[in-house]
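S.K.:
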Amino acid sequence: MHHGLAVLTALVGILVVFIFLFLLQESWPLLSKISPSRLFTDPSWHPSEEYYNVSAMVVATLLATLGALAIAAPLGIAFAIYCEFYAAPYLSKALSSILELLAGIPSVVFGLWGLVVLVPVISSWEGPGTSLLAGIIILSIMILPTGALLARSSLANTAQQWRQASAALGLSRWAMVKTIALPASKTGLINALIIQAGRALGETMAVLMVCGNIVAIPDSLFAPVRTLSANIALEMAYAMGDHRAALYSTGLILLILVTALLCFSRPNLTERSHA
Amino acid sequence: MQYTLYRIAKTLSLVLLCSIGLIACNGDQDTKRLQITGSSTIAPLLLELAQQYETNHPDVRIDVQTGGSARGIADSRQGLADIGMVSRALKPSESDLTPHPIARDGIAIILHKDNSLSELSRQQIIDIYTGKIKNWRQLSGKDETIAVVSKADGRSTLELFLSYFNLNSSDIQAHAIIGDNEHAIKTVLANKAAIAYVSIGTAEYNASTGVAIKLLANDGIVASTENVANGSFPLARSLNLVTRGEPSTLAQSFIDFSQSPQAHSAIKRQYFVPL
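As given, the protein sequences belong to chains A and B, one line each in that order. Plus 852 on top of the position in the first sequence (first one is 1) and you've got this note's numbering. Plus 671 on top of the position in the second sequence (first one is 1) and you've got this note's numbering.
Here is the structure:
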């Protein structure tokens, strides 16, 4: 039995390596012709004029991801704490079902909603509306359910006898959450954060529709930005030759970003949970 | 461990064997082949037409490859392709080739219906897209910052727009860059101060179904598929198949099919205008 599992696991591993090699192979025609440093030093991103600077898109991708995490992570943990320790069972069950539903909505629907509802509101405040802010808001709504549900299940793992012991010691509910439940589920909460970040980094369709897709480092939340994944989706359909290879390089950089993120989370995966 | 490796090797070699088998089965001796190369604007349409043609003629295989109009010219000249795809009228220096027009492609400049302007001169459009005119007030419209919507590098509508207005991709100062035509229309609906350009087929269809956009006239000629078809609308180009000398029977039969009314629905699906 475990041999079969080993083969399946190996296949998954091999698949990732193959995807990496594939991206490398497809971007090679460009990377062997120009120095890879030009991806960060060219004056701009205009592939039709042979300028391939992707750094503004790297910055935009990171800003959108961090912004979405800043909104979604606290909300998700607050939701998890409320459902797990405060809400009546029927309420917490209902709330979780709503979040599960939210998690199942296709991203293009979020994008359409963002473009039709959110963007006009933002444009009435300032600028063209399609902006980094719109992207952050949409992304945070999209990653909230996953994070909240993962955080909740990791809080639920806090052993029952610890809860009873803390109640017997006369700790208030909040003190129990703060001093026992949260520290005990630290690993799970951080992993929830990593999974949310991974989703936000790679999200394409919704971001493409609401961000405006201008390749520039944003000077405010209201400035339009283009993320790495949106760049691929926008231009791949009609790209040829070096332009196409440049888009594969964009994918390569995105994969490296995600890998870096996973390396960052690795110590938490190996460390055993307390509960 | 050794056992696992053995299993992996076995699985992989099986996959390899199967694919070799599939390739071998495909090599039918009796199939007639048609090689088509050239413009990436026309390629998606030709792919669809080729599929329809192959369904009706099971013994024919049509291979469509992109590489730009220049490749279409070069390959059909050297006999590397039976048919070239060229998304412009032929130049005098290309009179050795015979054009077979299959459709026309035109783009319309669109504004939100609530925009008080209904006409812009060529120079005004250039000034708006290069960032010299930033507010509709400068053109005696409302006091609103213009949201300039453009397309991603490599899109055929962008190419046509740039060549008509004699601009470079890097001259354009846009506030939003979008992918397909529907995305452009949604962006204009979300921001009443926006200006965008889309394929005339899409714009006309949306305006006729009550979507709140308006199509601007060019040089006093109304933007309509009718004026694109009769050649009077200036912001348009013809989509040609080209051959050198007399085409082969098979090539002629495919060209006849592409020019027949049977091809019209596929042409309209690509937002081109049938002749």
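In this text, a Cβ means the ideal position worked out from N, Cα and C, and glycines have one as well. Because the structure is a prediction, the values reported are computed rather than measured.
The ligand PLP and Ala1027 of chain A: does any heavy atom of the ligand fall closer than 8 Å to the residue's C-beta?
M.R.: Inclusion of the ligand PLP in the displayed structure is not the case, the ligand content being empty and no account of it being possible.
S.K.: At which residue ranges does the stretch 867-916 of chain A contain complete alpha helix (DSSP H) runs of 4 or more residues, listed in the order of the chain?
M.R.: 890-893
S.K.: Short of 8 Å Cβ to Cβ, which residues in the stretch 809-839 of chain B face chain A?
M.R.: Thr816, Ala818, Ala823, Asp824, Gly825, Arg826, Ser827, Asn839
S.K.: For Gly981 of chain A and Ile866 of chain B, I'd like the C-alpha separation in whole angstroms.
M.R.: 14 Å
S.K.: With distances taken Cα to Cα, identify the nearest neighbour of Ile889 of chain B among B:Arg793, B:Thr801, B:Gln933.
M.R.: A small correction: the amino acid at residue 889 of chain B is Asn; Ile does not occupy that position in the sequence shown. When only C-alpha atoms are compared, the closest one is B:Arg793.
S.K.: In terms of residues, what are the limits of the alpha helix (DSSP H) holding Ser821 of chain B?
M.R.: Run containing Ser821 of chain B: none in the alpha helix (DSSP H); it sits in the beta strand (DSSP E), 818-822.
S.K.: Quick check: what's the CA-CA separation for Met827 of chain A versus Ala1003 of chain A?
M.R.: Not covered by the structure: residue 827 of chain A. The range shown for chain A is 853 to 1127.
S.K.: Taking 9 Å as the CB-CB limit, is Phe870 of chain A close to chain B?
M.R.: no
S.K.: Inspect the beta-carbon positions of Asn911 of chain B and Ala721 of chain B and report whether they are closer than 9 Å.
M.R.: no
S.K.: Which ranges would you report for the alpha helix (DSSP H) in the stretch 730-796 of chain B if only whole runs of at least 4 residues count?
M.R.: 739-749
S.K.: Output the distance between the C-alpha atoms of Leu946 of chain B and Glu830 of chain B, rounded to the nearest integer angstrom.
M.R.: Rounded to whole angstroms, Leu946 of chain B and Glu830 of chain B show a C-alpha spacing of 22 Å.
S.K.: Rank A:Ala939, A:Ile1042, A:Leu1099 by C-alpha distance to the C-alpha of Ser1117 of chain A and give the top, closest one.
M.R.: A:Ile1042
S.K.: Measuring only the C-alpha atoms, how far is Gly872 of chain B from Val899 of chain B?
M.R.: One Cα belongs to Gly872 of chain B, the other to Val899 of chain B, and the distance between them is close to 10 Å.
S.K.: Beta carbon of Glu790 of chain B, beta carbon of Lys863 of chain B: below 9 Å?
M.R.: no
S.K.: Determine the DSSP secondary structure at Leu860 of chain A, reduced to helix, strand or coil.
M.R.: helix
S.K.: Got a sec: is the Cβ-Cβ distance from Pro997 of chain A to anything in chain B below 9 Å?
M.R.: Taking 9 Å as the CB threshold, Pro997 of chain A stays off the interface with chain B.
S.K.: Between Lys857 of chain B and chain A, is there a C-beta pair that is closer than 9 Å?
M.R.: yes
S.K.: Alpha carbon to alpha carbon, how far is Leu1080 of chain A from Val906 of chain A? Give it in angstroms, no decimals.
M.R.: 8 Å
S.K.: In the stretch 891-905 of chain A, which residues sit with their C-beta less than 9 Å from some C-beta in chain B, listed in chain order?
M.R.: Of all residues in the stretch 891-905 of chain A, Pro895, Ser896, Trp897, His898, Pro899, Ser900, Glu901, Tyr903 have a Cβ within less than 9 Å of some Cβ in chain B.
S.K.: Would Leu717 of chain B pass as a contact of Ile744 of chain B if the rule is Cβ separation under 9 Å?
M.R.: no
S.K.: What in chain A is Cβ-close to Gly743 of chain B, meaning under 7 Å?
M.R.: In chain order: nothing, as chain A lies at least about 13 Å away.
S.K.: How about the stretch 802-816 of chain B and the stretch 871-890 of chain A: do they share at least three Cβ pairs that are nearer than 8 Å?
M.R.: no
S.K.: Using the three-state DSSP reduction, which class does Cys696 of chain B fall into: helix, strand or coil?
M.R.: Note on Cys696 of chain B: pLDDT 49, under 50, position unreliable in the model; the coordinate value appears next. Cys696 of chain B falls in the helix class under three-state DSSP.
S.K.: Going by beta carbon distance, what residues of the same chain come within less than 6 Å of Gly979 of chain A, once the five residues before and after it are set aside?
M.R.: Phe1074
S.K.: Is it buried or exposed, Pro997 of chain A, if we count other Cβ atoms within 10 angstroms and call 16 or more buried?
M.R.: buried
S.K.: Decide if Gly902 of chain B is buried, meaning its Cβ has at least 16 other Cβ atoms within 10 Å, or exposed.
M.R.: exposed
S.K.: I'd like to know whether the C-beta of Ser889 of chain A is nearer than 9 Å to at least one C-beta of chain B.
M.R.: no
S.K.: Short of 8 Å Cβ to Cβ, which residues in the stretch 843-854 of chain B face chain A?
M.R.: Ala845, His846, Ala847, Ile848, Ile849, Gly850, His854
S.K.: State yes or no: is the beta carbon of Ser711 of chain B nearer than 9 Å to at least one beta carbon in chain A?
M.R.: yes
S.K.: In the stretch 860-875 of chain B, which residues sit with their C-beta less than 9 Å from some C-beta in chain A, listed in chain order?
M.R.: Leu860, Ala861, Asn862, Lys863, Ala864, Ala865
S.K.: Residue range of the alpha helix (DSSP H) that Arg1025 of chain A falls in?
M.R.: 1025-1028
S.K.: Between the C-alpha atoms of Asp824 of chain B and Ala1098 of chain A, what's the straight-line distance to the nearest angstrom?
M.R.: 12 Å
S.K.: So who's on the other strand from Val944 of chain B, going by DSSP bridges?
M.R.: Bridge partners of Val944 of chain B: B:Arg775.
S.K.: Is it true that the CB of Ser758 of chain B sits closer than 9 Å to the CB of Ser827 of chain B?
M.R.: yes
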